[in-house]
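All remarks here apply to the structure that follows.
Residue numbers (our numbering): 1 to 157.
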């Protein structure tokens, strides 16, 4: 959960890609509860402007990432900052992401057995994958790749 102050609200003209409907941008926020933060580099589609860095709560944002598929704003980079295990900065962990997939289905165990859920799946640069549940699913799906990191120049040769 993040706390903001009205004096830190950015005016819509200060945002490089406009203010999304129903959302507001802030110059400063305070994190009340230590948790995972999704850090995104975004920019307008087909633009060479310097990307904007956006920090969002991972679990509440994951269900809404599908808006980037074919939208006017595209992802240029992503990472997860984990602050949930400690308030001390030296115990925080930054995991650069290598891929984000939306609409993937996975089986989930619950009290009455197993059910299929739609998730947003994140893969770190180290190869670890984790998912954030979005909704119940009726049939299996591979989902869509929302973003994938480019291979380093040395690996492309």
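Backbone N, C-alpha and C fix where the C-beta goes; we use that ideal spot for every residue, glycine too.
Just to confirm the assignment, what range does the beta strand (DSSP E) spanning residue 58 have?
Careful: residue 58 lies outside any beta strand (DSSP E), inside the alpha helix (DSSP H) at 58-61.
Beta-bridge partners of residue 135, as assigned by DSSP:
118
Cα separation between residue 102 and residue 120?
5 Å
Helix, strand or coil: which one does DSSP assign to residue 1?
Low confidence applies to residue 1: its pLDDT is 43, below 50, so where it sits in the model is not reliable, and the reading given next is rough at best. Here residue 1 sits in coil by DSSP.
Where residue 48 and residue 67 are concerned, what is the direct C-alpha to C-alpha distance, given to the nearest angstrom?
21 Å
Distance between residue 116 and residue 2 (C-alpha atoms, nearest Å):
Residue placement at residue 2 is flagged as unreliable, the pLDDT there being 47, under the threshold of 50; the coordinate-derived value follows with that caveat. Residue 2 and residue 116: Cα-Cα distance of roughly 31 Å.
In the DSSP assignment, what are the bridge partners of residue 147?
100
Could you tell me whether the region 93-101 touches the region 138-153, using the rule of 3 or more Cβ pairs below 8 Å?
yes
In chain order, what residues of the same chain have a beta carbon less than 6 Å from the beta carbon of residue 135, not counting five sequence neighbours either side?
118
Measuring straight from C-alpha to C-alpha, what distance separates residue 124 and residue 88?
23 Å
Grab the span of the beta strand (DSSP E) containing residue 160 for me, first residue to last.
Outside the shown range of the chain, which is 1 to 157, sits residue 160, and nothing can be said about it.
Residues in its own chain within less than 7 Å of residue 106 by CB, not counting five upstream and five downstream?
117, 119 and 131
DSSP bridge partner residues for residue 109 (one or two, in chain order):
114
Compare the Cα-Cα distances from residue 57 to each of 111, 37 and 112 and report the closest residue.
37
Pick from 133, 90 and 97 that is closest to residue 108, judged by C-alpha positions:
133
DSSP puts residue 79 in a beta bridge; with which residues?
39 and 96
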